[in-house]
Structures are given as structure tokens and as C-alpha cells.
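In the working numbering, the protein residues as written are 1 to 331.
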């Protein structure tokens, strides 16, 4: 017998709320949440739609982890500690009951794994049937102490521009999924695809940067586009050197295979990296290096904030790189 909405809540989602009193067992109309004295609530929401933000062939477990982690990455960019999330699902009417149950079982297993890793709890949500594609919306909540958070618009002229991890892997992974680059090593291909499917939110690094970084956001829509957001919010321009943008071993393999001109379009204009992009005064270099070492997260200086409105990337010769696209365009 097919489960109704409440049966699905009891079977698949209520276990994700165990241990969080404010979730009220997912039996009430809303959650009642607590934050500590002197703390402020940080709230973010992202929607993911099949064939746009993930592939229909992706496993439900991977889809769940990506849906949650892209929200946690937003909290990381604010320096917040993650606490709670809500979930809304729009499930295609074309799926039969057996398909829905199987998908939900694997999807919630992915959520459970990441809840344990990131110490966050489900506290509510909704599900509906739709004539459209599968859609997932998550609202994530975290906390910061008072006014201690990372703004997007706090950069000053001369501030260093930093990124965590490596850039471009996710965009290159998406291309690899379309079976382009047949000469790419299988291990490199898998590494890039994994970066596309399962991002790594830099929560500990974000929290550690409070008091050191002047501005921050995560790289979701593309390095140059997101850097443009930081620059505009700060009333400045920005300049990066492509040679200093950190590439993974797999990313460098693509550069060797297809050439730098093509590869750097994906690296600078691709999205879905969910690494931290932040600025900081030159005087904070040693402190940031120590913080990154403690968190075991690589960071790299790639440029600086400048006067004006130009946001540019320079090639080997110091010439601006012409980009076919700077990043993902939201509707």
C-alpha cells in the first residue's frame, strides 16, 4: 500500500529530526527553534531543479548531499555555524509509488549521512506532486555571535583576493559527464565528476576567518561572476592572475589535454565549486595561513582589489582574458 504524505514523513523524514526538540517530531505546523544568548540567526535558501542543477541520472544520495551542501556553503561564506534546515520537495506525478519510495529511501540516507557529518538537523518541510521536473528547496539556518560574520561588501583597495581549495573542477566535471575529452585519464575524470556532484562546504574555514577576512562569498556561479558580486558590493574593482588560480591535478590534466585557452574558460567562468572566495588586508596573510593550516584547507592568493569597476583576469603576459561567459545566469 502506497504511503500518504504523513506516512512518508513518519518513515523517511521524522528520523532525520530525532534529537532536535525544536522540530517537535515534525508533527506540528512549525518548528520552535532556540539560539544562544548573544547569537544571531543566519538564513539561506537554494532551490535545485533536475536537468538544471543536477542530472536526472545522478543518484538520489548524491542529489541529497549536493542540495544540503550548497546551502551549507552559503552559511560557510558568512562564517556561521550550521544548526537547522527545512526541506521542500516537488516530486513528478509521473513517478509511480514504488519509484517514489525507493527514491526517498536513498535520498534521506544521503541527508542522514551529511547531518551526522555537519551536525545539522531537519526541523520541517513540505512535499507536493508536480507536473514539472523534480525540484528540491532547502532553507538552512546557522548562527553567529553578535555582529561577528563575514559580509560580502567589506573589501578595501589593496586587499588580497583569496580562494580555498581548487577552482574549476566542478565545471570541468560537468563537461566530463557529457563524455567529452575521451583522452582524459579515468581517475582524473572521476575526481572532476565527484567535485561536481558532491561539493565540500568550508564551514570551519569560514568561521575561522571572522575578524581576519574583510569580505567573503562562495564560488557557486563562477569565479569571475562571484568576484564581481564582491567587487560591486564593496564599490571596487578586482584583478586576478590566472596563473595563480589553484588547479587540481585533474584540472591540470584537462589543461594539458585541451589547451589553456579552452580550459580557462571553464575555470574562470564555470560554477559549482562552492569554495570560499574572500578578501583580506595584506597584514592578515600570516594569520590566514595559520587558520588554513589548522583547518587543513588549502588557500591561495590570486589577486587584489583595485580602484574602479573593472573585474578582470590577466594572462601570462598581463593582458586581460576575454571570457565567453563569466558564470551562471539566474533566471
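Beta carbons: idealized from backbone N, C-alpha and C, even for Gly.
Since the structure is predicted, the reported quantities are computational estimates derived from the model, not experimental observations.
Taking Cβ positions, are residue i and residue j nearer each other than 8 Å?
| i | j | result |
| --- | --- | --- |
| residue 210 | residue 148 | yes |
| residue 269 | residue 222 | yes |
| residue 265 | residue 323 | yes |
| residue 313 | residue 224 | yes |
| residue 154 | residue 282 | no |
| residue 306 | residue 237 | yes |
| residue 141 | residue 43 | yes |
| residue 152 | residue 230 | yes |
| residue 246 | residue 163 | yes |
| residue 233 | residue 196 | no |
| residue 214 | residue 135 | no |
| residue 48 | residue 124 | no |
| residue 24 | residue 32 | yes |
Given a threshold of 16 other Cβ atoms within 10 Å of its Cβ, counted over all protein chains shown, does residue i qualify as buried or as exposed?
| i | result |
| --- | --- |
| residue 83 | buried |
| residue 144 | buried |
| residue 291 | buried |
| residue 284 | buried |
| residue 175 | buried |
| residue 122 | buried |
| residue 199 | buried |
| residue 337 | Since the first and last residues shown for the chain are 1 and 331, residue 337 lies out of range. |
| residue 273 | buried |
| residue 53 | buried |
| residue 115 | buried |
| residue 66 | buried |
Alpha carbon to alpha carbon, how far is residue j from residue i? Give it in angstroms, no decimals.
| i | j | result |
| --- | --- | --- |
| residue 110 | residue 258 | 35 Å |
| residue 139 | residue 271 | 21 Å |
| residue 228 | residue 37 | 36 Å |
| residue 330 | residue 63 | Bear in mind that the predicted position of residue 330 carries a pLDDT of just 44, short of 50, making it unreliable; the figure below should be weighed with that in mind. Roughly 20 Å between the two C-alpha positions. |
| residue 21 | residue 239 | 48 Å |
| residue 77 | residue 276 | 6 Å |
| residue 178 | residue 294 | 38 Å |
| residue 202 | residue 248 | 17 Å |
| residue 50 | residue 130 | 13 Å |
| residue 105 | residue 16 | 12 Å |
| residue 235 | residue 97 | 53 Å |
| residue 61 | residue 287 | 37 Å |
| residue 3 | residue 12 | 11 Å |
| residue 69 | residue 85 | 11 Å |
| residue 345 | residue 318 | This structure leaves residue 345 out entirely; the chain is present only between 1 and 331. |
| residue 160 | residue 309 | 16 Å |
| residue 120 | residue 75 | 12 Å |
| residue 146 | residue 244 | 35 Å |
| residue 172 | residue 101 | 33 Å |
| residue 55 | residue 167 | 21 Å |
| residue 35 | residue 263 | 45 Å |
| residue 89 | residue 207 | 30 Å |
| residue 187 | residue 71 | 28 Å |
| residue 57 | residue 127 | 21 Å |
| residue 165 | residue 103 | 32 Å |
| residue 304 | residue 241 | 9 Å |
| residue 9 | residue 73 | 26 Å |
Per DSSP, which one or two residues make a beta bridge with residue i?
| i | result |
| --- | --- |
| residue 96 | Looking at the DSSP assignment, residue 96 forms no beta bridge with any residue, so it has no partner. |
| residue 312 | 239 |
| residue 127 | 89 |
| residue 78 | Answer is none; residue 78 lacks a bridge partner. |
| residue 39 | 145 |
| residue 84 | 121, 141 |
| residue 298 | For residue 298, which the question treats as bridged, DSSP gives no partner whatsoever. |
| residue 107 | According to DSSP, which records beta bridges pairwise, residue 107 is partnered with nothing at all. |
Taking the alpha helix (DSSP H) that residue i belongs to, which residues open and close that run?
| i | result |
| --- | --- |
| residue 26 | No alpha helix (DSSP H) holds residue 26; DSSP gives it neither H nor E. |
| residue 265 | 260-269 |
| residue 277 | Careful: residue 277 lies outside any alpha helix (DSSP H), inside the beta strand (DSSP E) at 276-280. |
| residue 244 | Note, residue 244: premise wrong, no alpha helix (DSSP H); not H, not E. |
| residue 4 | Premise fails: residue 4 is in no alpha helix (DSSP H) and is neither H nor E. |
| residue 171 | 169-177 |
| residue 226 | 223-234 |
| residue 195 | 186-197 |
Taking the continuous beta strand (DSSP E) assigned at residue i, which residues delimit it?
| i | result |
| --- | --- |
| residue 163 | 160-164 |
| residue 139 | 135-145 |
| residue 216 | 215-218 |
| residue 11 | Note, residue 11: premise wrong, no beta strand (DSSP E); not H, not E. |
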